[in-house]
Amino acid sequence: MSEVTLTIGGRDYAVSCADGEEAHVARLGAAIDRKFQQLGRNVSTKDAQNMLFAALLLADELHEARKEGEALRSQVEEAGAERETLAAQVAEARRAVEAARVEAARVEAAGTQPAAAPPADAAPTLFDDPELGPALERFADLLETCADKLEGKGPST
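Numbering follows the working numbering, with no gaps: position 119 of the sequence shown is 119.
Encoded structure:
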C-alpha cells in the first residue's frame with residue numbers, strides 16, 4: 001500500500017491507495033480541490049460539509065457525463081442499424097449490377113448472332129438497339145462504383 005497526501009481546501013489529508021495508483025488518486029484529489037474552491041465564500045467551517053458539497057458537484061458532473069454517454073451510445077446503435085440497412089441496399093444494388101451485366105452480355109451476344117426476323121407486324125423492342133449492351137455495361141459499372149462508395153471503399157477494379 002502507498003500513501004498520498006491530498007491538499008483540499010488548504011488542508012492536507014493522508015490517503016492510502018494501492019501501489020501504482022498514487023498519480024490517479026492525486027488527480028482525483030485535485031478535482032475535489034477544484035470543486036472545493038468553486039464553493040468560494042460559501043465555504044463553511046465544517047470540513048465534512050464542504051467535502052460533501054464538493055463531492056455533490058463532482059457527482060452531478062458524473063451524472064451528466066453518463067447521460068451524454070447514453071445518448072451517444074443510442075446514436076451509435078442507430079448508426080449501426082442504418083449501416084445494416086445500407087449494407088442490404090448495397091447488396092441488392094450489387095445483385096442488380098450483376099443481373100445488368102448478365103443481361104448486357106446476353107444482349108451483346110444476341111446482337112452479334114444472326115437473329116430470326118421478327119414478324120412484319122411486331123413493334124421494335126428495346127433489345128433491338130445495338131447500343132444497349134454497352135450502355136448496360138456502363139450503367140452496371142456506375143452502380144458498382146456507387147455501391148463501393150456507400151460501403152466506404154474506393155472504386156472496384
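The beta-carbon is built from N, C-alpha and C at its ideal position, and this holds for glycine as well. Please read these numbers as outputs of a predicted model, since none were measured by experiment.
Give me the residue from GLU82, GLU137, GLY69, ASP12 with the minimum Cα distance to VAL159.
Here the chain covers residues 1 to 157 and nothing more, so residue 159 does not appear.
Quick one: what does DSSP say GLU3 is sitting in, helix, strand or coil?
In the structure shown, GLU3 sits in a strand (DSSP, three-state: E or B).
Contact defined as beta carbons within less than 8 Å: I believe ALA93 pairs with ALA147. What is the distance between those atoms, to the nearest angstrom?
With 8 Å as the limit, ALA93 and ALA147 qualify as a contact, their Cβ atoms being about 5 Å apart.
Minimum Cβ-Cβ distance from GLY69 to chain D less than 8 Å:
Here chain D cannot be found, since the structure has a single protein chain.
DSSP-derived helix/strand/coil call for ASP148
Assignment of ASP148 by DSSP, reduced to helix, strand and coil, places it in the helix class.
Leaving aside the five residues before and after ASP19 along the sequence, list all residues of the same chain whose C-beta is less than 8 Å from its C-beta, in chain order.
Closer than 8 Å at Cβ, skipping near neighbours: MET1, SER2.
Run the CB neighbour count on ALA23, radius 10 Å, all protein chains shown included, and call it buried at 16 or more, exposed below.
Label assigned to ALA23: exposed.
If you reduce the DSSP assignment to three classes, tell me which class ALA79 lands in.
Note: ALA79 maps to helix in three-state DSSP.
Three-state secondary structure (DSSP) at ALA14?
In this structure, ALA14 counts as strand in the three-state DSSP scheme.
6 Å Cβ shell around GLU21 - same chain, five flanking residues per side excluded:
Closer than 6 Å at the Cβ level, and outside the excluded window around GLU21, lies no residue.
Excluding the 5 residues flanking LEU143 on each side, which residues of the same chain have their C-beta closer than 6 Å to its C-beta?
So the qualifying residues of the chain are ALA93, VAL97.
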